[in-house]
Amino acid sequence: MRKRLLPKLSYSNVIASIALFVALGGAAVAAGLPKHSVGPNQLKRGAVTAAAIRKRAVTSGKLAPKAVTADKIGPNAVLPGNIGNGAITSAKIGGGAVIASSIKNGVITNPKLGSAAVNTSKLAANAVTTPILANGSVTLAKLSPEVTPLVGTLKPGQTLRGVFDVGGTGGVAADTSHGGVSYQFPLSGTAPTATVLKKGQTTANCPGIGTGSAPSATAGNLCVYLTEEVNLDGTAPLAAENNTRLGFGLIAKAKAGGDYTAFGQWALTAP
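With this note's numbering as the guide, the letters of the sequence shown map in order to residues 3 to 273.
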């Protein structure tokens, strides 16, 4: 009787069979996993990569509080449309985080400014121009004492200046002519001390007219400077009269018959 010879199993046959069994068994296990059965414990560290995450799968509910830090946000990633109304409060903004270049033109409107937020130190030089001022906003109380008064009396230490021209045609010697000056802003108190000076004269209270048309007077004094004269009396060519807090008068006296004139400048400083 013949015996049938059976082939022997080699090492490679055994390994191949085991590999096939494991592969088929693993696929069967994976296919047989019930829903939601894979939790954090079943995932290897680093197993979930960006490629494994479906688009829009990570919603706000998936993010832990404070999980998104500044270094996680790309340039220009957060736009106005991504920010909810009232989401960014003062506590969310770091010191010096918002600079001028960070603010879009026109976004800071009047309702955005807090009460008294814009003070003097916040205004740039020459920032307040005529179109910025509301009609009637600049009242007398807003003007500093150095500003020339628009109404009322001359402020202490302020000076008024002007010119005079007094004369006439005298028929005889010693003929006189009168003139008057009213102050644009009267003094608040009594009349000043009046001093009439001949051409080139000065005193401690009437220092002169300087190099130009800038006559001066110390506080409480009226200084009348004669700068040019024609046919005036040598002893009393010009004198002050009717001196009050509202103005003063002048009288010119002729030396001889004919035309005579007194020209000059005056200065008044309030006490």
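C-beta atoms are modelled at their ideal positions from N, C-alpha and C, and glycine is treated no differently.
The model shown is predicted, which means the values in this text are computed figures rather than measured ones.
Considering Cα atoms alone, identify which of Leu45, Val198 and Lys46 is closest to Ile253. By one-based count along the sequence shown, residue 253 stands at place 251. Among Leu45, Val198 and Lys46, the Cα nearest to that of Ile253 belongs to Val198.
If you draw a straight line from the C-alpha of Asn78 to the C-alpha of Lys106, how long is it? What you label residue 78 is simply residue 76 of the sequence shown in a count that begins at 1. What you label residue 106 is simply residue 104 of the sequence shown in a count that begins at 1. C-alpha separation (whole angstroms): 14 Å.
Boundaries of the beta strand (DSSP E) in which Asp73 is found, first to last residue: Position 71 of the sequence shown, counted from the start, is the residue given in the question as residue 73. Asp73 -> no beta strand (DSSP E), and no H or E assigned at all.
Going by DSSP in three states, Leu228 sits in which element: helix, strand or coil? Taking the first residue of the sequence shown as position 1, residue 228 is located at position 226. Note: Leu228 maps to strand in three-state DSSP.
Measure the alpha-carbon distance for Val183 versus Asn223 and round it to whole angstroms. Counted from its first residue, the sequence shown places residue 183 at position 181. Counted from its first residue, the sequence shown places residue 223 at position 221. Their Cα atoms are separated by approximately 15 Å.
Looking at Ala272: is its Cβ nearer than 9 Å to the Cβ of Ser190? For the purposes of this step, residue 272 is taken as the residue at position 270 of the sequence shown. For the purposes of this step, residue 190 is taken as the residue at position 188 of the sequence shown. Cβ atoms of Ala272 and Ser190: closer than 9 Å.
Looking at C-beta atoms only, is the number of pairs between the stretch 251 to 269 and the stretch 220 to 235 that lie closer than 8 Å three or more? yes
Gly259 and Ala175 look like a contact to me (Cβ under 8 Å); what is the Cβ gap, rounded to whole Å? Start at 1 with the first residue of the sequence shown, and residue 259 comes out as number 257. Start at 1 with the first residue of the sequence shown, and residue 175 comes out as number 173. Correct: roughly 6 Å between the Cβ atoms.
Report the residue from Cys208, Asn244 and Thr220 whose alpha carbon sits nearest the alpha carbon of Leu228. If you number the sequence shown from 1, residue 228 lands on position 226. The shortest Cα separation from Leu228 among Cys208, Asn244 and Thr220 belongs to Cys208.
Taking Thr192 as the reference, give the member of Leu145, Gly249 and Asp177 with the closest Cα. Position 190 of the sequence shown holds residue 192. That would be Gly249, whose Cα lies nearest to the Cα of Thr192.
Need the endpoints of the beta strand (DSSP E) that Leu248 sits in, please. Taking the sequence shown and counting its residues from 1, one reaches residue 248 at position 246. Note, Leu248: premise wrong, no beta strand (DSSP E); not H, not E.
Pull up the distance between the alpha-carbon of Ala143 and that of Ala102, whole angstroms please. Counting from one through the sequence shown, the residue named residue 143 turns up at place 141. Counting from one through the sequence shown, the residue named residue 102 turns up at place 100. Distance between the alpha carbons of Ala143 and Ala102: 35 Å.
Consult DSSP for Leu81 and reduce its assignment to one of helix, strand or coil. Within the sequence shown, numbered from 1, the residue matching residue 81 stands at position 79. Note: Leu81 maps to coil in three-state DSSP.
Rounding to the nearest angstrom, what Cα-Cα distance links Arg163 and Tyr185 in this structure? Here residue 163 refers to the residue found at position 161 when the sequence shown is read from its first residue. Here residue 185 refers to the residue found at position 183 when the sequence shown is read from its first residue. Arg163 and Tyr185: Cα-Cα distance of roughly 9 Å.
With respect to the beta strand (DSSP E) encompassing Asp177, which residues constitute its N-terminal and C-terminal limits? Walking along the sequence shown from the start, residue 177 turns up at place 175. No beta strand (DSSP E) holds Asp177; DSSP gives it neither H nor E.
Tell me, which residues are paired with Gly63 by DSSP? To locate residue 63, count along the sequence shown from 1; it is residue 61. According to DSSP, which records beta bridges pairwise, Gly63 is partnered with nothing at all.
Have a look at the DSSP bridge pairing and note the partners of Arg163. The residue given as residue 163 occupies position 161 in the sequence shown. DSSP output for Arg163 lists Ala269 as bridge partner(s).
Where Pro1 and Lys64 are concerned, what is the direct C-alpha to C-alpha distance, given to the nearest angstrom? What the structure shows of the chain is the stretch from 3 to 273, and residue 1 is not part of that stretch, so it cannot be assessed.
Taking 9 Å as the threshold (C-beta atoms), are Phe187 and Gly154 in contact? For this step, residue 154 is matched to residue 152 along the sequence shown. For this step, residue 187 is matched to residue 185 along the sequence shown. Yes, they are a contact pair.
Given Thr178 as reference, the closest of Leu81, Lys200 and Lys255 once Cα atoms are compared: Position 176 of the sequence shown, counted from the start, is the residue given in the question as residue 178. The residue with the shortest Cα to Cα distance from Thr178 is Lys255.
Count the other CB atoms, across all protein chains shown, that sit within 10 Å of the CB of Gly108; report buried if there are 16 or more and exposed otherwise. As a first step, residue 108 must be located in the sequence shown, where it is residue number 106. Looking at its Cβ environment, which holds fewer than 16 other Cβ atoms inside 10 Å, Gly108 is exposed.
So, is Pro113 buried or exposed, given that buried needs 16 or more other C-beta atoms within 10 angstroms? Numbered from 1 along the sequence shown, position 111 holds the residue referred to as residue 113. It is exposed - the Cβ of Pro113 has fewer than 16 other Cβ atoms within 10 Å.
How would you call Leu81, buried or exposed, if buried means at least 16 neighbouring beta carbons within 10 angstroms? As a working note, residue 81 is residue 79 in the sequence shown. It counts as exposed.
Is Asp261 near Gly173, with beta carbons less than 9 Å apart? In the sequence shown, the residue the question calls residue 261 occupies position 259. In the sequence shown, the residue the question calls residue 173 occupies position 171. No, the Cβ-Cβ distance between Asp261 and Gly173 is not below 9 Å.
Quick check on Lys57: does DSSP put it in helix, strand or coil? Taking the sequence shown and counting its residues from 1, one reaches residue 57 at position 55. Three-state result, Lys57: coil.
May I ask you to list the residues that DSSP assigns as paired with Ile253? Here residue 253 refers to the residue found at position 251 of the sequence shown. DSSP, once it has assigned bridges, lists His180 and Ala241 as partnering Ile253.
Measure how close the beta-carbons of Ala196 and Ala242 come, nearest whole angstrom, since I'm counting them as under 8 Å. For the purposes of this step, residue 196 is taken as the residue at position 194 of the sequence shown. For the purposes of this step, residue 242 is taken as the residue at position 240 of the sequence shown. Right, their Cβ atoms sit about 4 Å apart.
Determine which residues share a DSSP beta bridge with Asp261 and list them. By one-based count along the sequence shown, residue 261 stands at place 259. Bridge partners of Asp261: Thr171.
To the nearest angstrom, report how far apart Val70 and Val40 are at their CA atoms. Here residue 70 is taken as the residue at index 68 of the sequence shown, counted from 1. Here residue 40 is taken as the residue at index 38 of the sequence shown, counted from 1. Rounded to whole angstroms, Val70 to Val40 spans 26 Å at the Cα level.
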